[in-house]
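K.L.:
Sending over a structure as structure tokens; questions will come in a sec.
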Amino acid sequence: MQIIEISQFQAFRRSVAMVMQVVPKELRYVTILTLLGGSSPAIAIWLNKVIIDEITRLLSIATRQNTIALILSQPLLLSSIAGSLLVNLVDYLEWARFAIAD
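Letter by letter, the sequence shown follows residues 1 to 102 of my numbering.
In structure tokens, the structure reads:
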């Protein structure tokens, strides 16, 4: 058997091609999950910005309504809070999974 000299990029391309042949569905799942996991900090920052903007807007109205009723009547604020909680929960579960694995 003859040893072939190839660059790191060629070795990477061959590896990815081999993985795509053997387990294409799992490679897609891993790629999607990696992209989602990597974008979660940016999503969390954006959701926190939306929450702060909506609360500031509501405070500028200066109404004397019940605070809970006012928050429940704002769908953008509610969805941002729910999204922020979901992103933080997913990050925590991912962290806990790795902490338990060690």
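Note that beta-carbon positions come from the ideal geometry of N, C-alpha and C, so glycine has one too.
1. Secondary structure at Asn66, three-state DSSP: helix, strand or coil?
2. Ser80: which of Asp53, Thr67 and Gly37 sits nearest, CA to CA?
3. Can you name, in chain order, every residue of its own chain whose Cβ lies under 7 Å from the Cβ of Asn88, other than the five neighbours on each side?
4. Alpha carbon to alpha carbon, what distance is there between Ile100 and Gln8?
P.N.:
Reading from the atomic positions:
1. coil
2. Asp53
3. Ala44
4. 34 Å
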